[in-house]
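Beneath this line is the structure, given in structure tokens, with notes to follow.
Numbering (my numbering), first residue to last: 20 to 330.
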């Protein structure tokens, strides 16, 4: 197996840390892969591709994501074979206490991720069902592939209690994205995570934030953990605390305000378009012959209920 021997030997200890972690179940694994294999992934990481850098609204961005790891060949095909293998699924299931985990051959939302200087990721919880297979999404695995990184550069993964309150929006866990460091965390309705804007110094501007993201699923989920199907929910970053009455805005502040306003406008439009699409589906359903037949067939029961309520 291409996992580092330390990761294999520490499975029981990793499981203890995963189960007790805050703000939700997770574990950070140092030396996740064998050192040589990690170097091969870093050496063959694909170049930034604008064709793979469209966001959820179809706009060009500064994040490139290539989902088909097997097609990339070389060490990425080996990585794909590793995470779909029965020994690996049993290992990660043992660490997390989630049995019968399923590998996603489509890599929906996953694959190689590359974020350029200036990119950030708003706090969010992920979609909870696989869009085509309707499996329950259970785990995120992120493997970082950056030879060096400083916390002051931004881009560090933040795990949050909630993104709305001043106390909850402070990261309970901050993970610097250094090579061969992996994070495994449970996906649920409170697994808020993201990262702040990448701001590289002049001597590091050629770098980017590189990682591989993999998501795992199960066919069933405990009833108490099951929620209605939803897409990824984002919460935009708040206004900087330094912007107060009497404060003189710098050029950087003005640009930050422009970005925040543009992002909120785009989110409002996205929600509007989604609501209009949903309303159109409801209107079409109401107009359908089957709905009208159902209304006719159930009219006696509805009329009886009305009479009973009056009396």
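Backbone N, C-alpha and C define an ideal beta-carbon position, used for all residues, glycine too.
Beta-bridge partners of residue i, as assigned by DSSP
| i | result |
| --- | --- |
| residue 144 | 252 |
| residue 177 | 193, 213 |
| residue 156 | 236 |
| residue 205 | 158 |
| residue 163 | 230 |
| residue 182 | DSSP, once it has assigned bridges, lists no residue as partnering residue 182. |
| residue 48 | 201 |
| residue 73 | 79 |
| residue 22 | 52 |
Residue i - containing alpha helix (DSSP H), residue span
| i | result |
| --- | --- |
| residue 131 | Element bounds for residue 131: not the alpha helix (DSSP H) but the beta strand (DSSP E), 130 to 134. |
| residue 32 | 30 to 39 |
| residue 364 | Residue 364 lies beyond the range of the chain shown here (20 to 330); nothing can be said about it. |
| residue 90 | 88 to 91 |
Residue nearest to residue i in terms of C-alpha spacing, selected from the options
| i | options | result |
| --- | --- | --- |
| residue 24 | 51, 60, 37 | 51 |
| residue 230 | 95, 283, 294 | 95 |
| residue 226 | 46, 59, 67, 45 | 67 |
| residue 155 | 234, 88, 223, 189 | 234 |
| residue 153 | 64, 236, 56 | 236 |
| residue 216 | 290, 275, 245 | 275 |
| residue 135 | 283, 242, 45, 219 | 219 |
| residue 162 | 138, 224, 98, 221 | 98 |
| residue 170 | 188, 151, 193, 181 | 193 |
| residue 106 | 27, 42, 60 | 27 |
| residue 260 | 294, 101, 253, 272 | 272 |
| residue 241 | 139, 81, 33, 207 | 207 |
| residue 125 | 307, 149, 132 | 149 |
| residue 20 | 54, 32, 45, 41 | 54 |
| residue 182 | 308, 214, 288, 167 | 214 |
| residue 189 | 223, 281, 212 | 212 |
| residue 70 | 85, 63, 59 | 85 |
| residue 196 | 41, 49, 22 | 49 |
| residue 123 | 303, 238, 250, 266 | 238 |
| residue 139 | 34, 89, 253 | 253 |
| residue 47 | 127, 29, 61 | 29 |
Residue span of the beta strand (DSSP E) that contains residue i, given as start and end
| i | result |
| --- | --- |
| residue 114 | Run containing residue 114: none in the beta strand (DSSP E); it sits in the alpha helix (DSSP H), 105 to 115. |
| residue 119 | Careful: residue 119 lies outside any beta strand (DSSP E) and carries neither H nor E. |
| residue 84 | 82 to 85 |
| residue 127 | Premise fails: residue 127 is in no beta strand (DSSP E) and is neither H nor E. |
Cβ distance (whole Å) where residue i is taken to contact residue j below 8 Å
| i | j | result |
| --- | --- | --- |
| residue 117 | residue 160 | The Cβ separation is near 12 Å, so there is no contact. |
| residue 179 | residue 191 | 7 Å |
| residue 108 | residue 157 | The Cβ separation is near 12 Å, so there is no contact. |
| residue 174 | residue 228 | 5 Å |
| residue 144 | residue 83 | 23 Å between Cβ atoms; not a contact. |
| residue 232 | residue 112 | With 8 Å as the limit, residue 232 and residue 112 do not qualify as a contact, their Cβ atoms being about 19 Å apart. |
| residue 147 | residue 246 | 6 Å |
| residue 141 | residue 256 | 6 Å |
| residue 73 | residue 79 | 6 Å |
| residue 205 | residue 56 | So it is not a contact: roughly 26 Å between Cβ atoms. |
| residue 63 | residue 93 | 5 Å |
9 Å Cβ cutoff, residue i in contact with chain B
| i | result |
| --- | --- |
| residue 182 | Of the chains in the structure shown, none is chain B; there is only one protein chain. |
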